[in-house]
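**Student:** Take this structure first; my questions come after.
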């Protein structure tokens, strides 16, 4: 009982510290042109990609800001200027120009000697942004996790004896993906697609959980990431199709010819709307959760600009709601990984097709 209370207290303290660090960053950076707090700009900055990991900002007594950041490598190629490589800290948070380039918002643009944008120079940005770096970290964690599990099973742990420790926590998740997602939807062909489904589930789950750490990147809230995941699922679905599937798309059996002609564009469009639904659903849900949390934290500064008493009075309420949504987001991280994986298996099952029900209709 004492241990459980200690864990609850630790979670609550961690959440409060996370929100306070977020508040410090907002107070230092979320100011508009007139020095007022701009919640919209602050929210977009927090969910956008960047060339550094930003943790918090503190306004010092001399009026300057101290930024706690982790700079990342900047890799640029220009046909006019060639290849350039340096650390993002050389920009000094957009205040300095380095090697003819300047940081405007989250984009790097070429500039002239007077500091104006040089429209004649074309730049290709191959930088390791925080989304890219965090995705590599997630891949490393995924590779280590699953290879470590496989090694344990080869040694007999979990086969001739009961699993222990982390293996005992991960094995039920693997069994859940196999027994409740792959088998019901794919039937006897589930083994062929199980490695892909497990990879998708754990990769999305790890990125979802990493995105809840203060200062980290919201990778699954980036439309480019979800678009690539959706396109990969589309390729898997298309390579799983057969003539039975395409026969239902181009010439649906058992209906009049006029209806077949009307259904053709609808069915053909449905081939591409399925992965599109995967892309938008994951992106929208993971982005919405972060925006809601930031909205509650922003209310503290909005009320403070009206009256300091109002800001201080509303702070406990705002933090309580933000912590509540933060806990919900942990649950959403698992749910969204499940939904993406389950729908992918459903769409693959539809692509494989099953003509047995047609035989029953003819009989």
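Residue numbers (our numbering): 251 to 613.
Built from N, CA and C at the ideal position, the CB exists for glycine as well.
1) When DSSP labels each residue in this structure, what does residue 600 get in the three-state scheme?
2) Among 345, 584, 376, 418, whose alpha-carbon lies nearest the alpha-carbon of residue 365?
3) Please list, in chain order, all residues of the same chain as residue 339 whose beta carbon is under 8 Å from its beta carbon, the five residues on each side excluded.
4) Determine the burial state of residue 386: buried for a count of at least 16 other Cβ atoms within 10 Å of its Cβ, exposed for fewer.
5) If you drop the 5 nearest sequence neighbours on each side, which residues of the same chain put their C-beta closer than 8 Å to that of residue 273?
6) Any idea what DSSP makes of residue 323, helix, strand or coil?
7) Around the C-beta of residue 476, are 16 or more other C-beta atoms found within 10 angstroms, so that it is buried, or is it exposed?
8) Could you name the residues of the same chain whose beta carbon sits closer than 8 Å to that of residue 527, not counting the 5 residues immediately before and after it, in chain order?
9) Just verifying my parser: in three-state terms, what is the DSSP assignment at residue 489?
10) Any idea if residue 314 is buried or exposed, counting beta-carbon neighbours within 10 angstroms, 16 or more meaning buried?
11) Under 9 Å, do residue 348 and residue 317 count as touching if we go by C-beta distance?
12) Buried or exposed for residue 360, going by 16 or more other Cβ atoms inside 10 Å?
13) Fully enclosed by the region 451-498, which alpha helix (DSSP H) runs are 4 residues long or longer?
14) To which residues of the same chain is residue 255 closer than 8 Å at the C-beta, ignoring the five residues directly before and after it?
15) May I ask you to verify whether the region 581-598 touches the region 448-461, counting CB pairs closer than 8 Å and requiring at least 3?
16) What is the DSSP secondary structure of residue 347, counted as helix, strand or coil?
17) Distance check for residue 398 and residue 389, CA to CA, integer angstroms please.
18) Can you tell me where the alpha helix (DSSP H) with residue 515 in it begins and where it stops?
19) Can you give me the Cβ contacts of residue 601 inside the same chain, cut-off strictly under 6 Å, excluding the 5 residues immediately before and after it?
20) Do you know how far the Cα of residue 480 is from the Cα of residue 306?
21) Counting C-beta neighbours from all protein chains within 10 Å, is the total for residue 351 16 or more, i.e. buried, or is it exposed?
22) Is the separation between the beta-carbon of residue 287 and that of residue 325 shorter than 9 Å?
23) Can you give the Cα-Cα distance for residue 438 and residue 463, rounded to whole angstroms?
24) Leaving out five residues before and five after residue 446 in sequence, what residues of the same chain have Cβ atoms less than 7 Å from its Cβ?
25) Restricting to runs no shorter than 4 residues, where is the alpha helix (DSSP H) found entirely within the region 413-455?
26) Bridge partners for residue 289 per DSSP, in chain order?
27) What does the Cβ neighbour count give for residue 363, buried or exposed, with the cut at 16 atoms within 10 Å?
28) I'd like the list of long-range same chain contacts for residue 501, defined as Cβ closer than 7 Å, with 5 residues on each side in sequence excluded.
29) With DSSP collapsed to three states, give me the class of residue 302.
30) By the DSSP assignment, the beta strand (DSSP E) with residue 333 in it spans what residues?
31) Give a yes or no on whether the C-beta atoms belonging to residue 537 and residue 435 are separated by under 9 Å.
32) Residue 525: buried (16+ other C-beta within 10 angstroms of its C-beta) or exposed?
**Tutor:** Concretely, from the data shown:
1) helix
2) 345
3) 302, 319, 321
4) exposed
5) For residue 273, the predicted structure reports a pLDDT of 45, less than 50, and the residue's modelled location is therefore unreliable. The matter cannot be settled from this model.
6) strand
7) buried
8) 593
9) helix
10) exposed
11) no
12) buried
13) 473-489
14) Here the model assigns residue 255 a pLDDT of 46, short of 50, so the residue's position is not dependable and the matter cannot be decided.
15) yes
16) coil
17) 14 Å
18) 507-556
19) 487, 490, 491, 495
20) 33 Å
21) buried
22) no
23) 40 Å
24) 486
25) 415-426, 433-436
26) In the DSSP output, where bridge partners are listed per residue, residue 289 has none listed.
27) exposed
28) 510
29) strand
30) 332-337
31) no
32) buried
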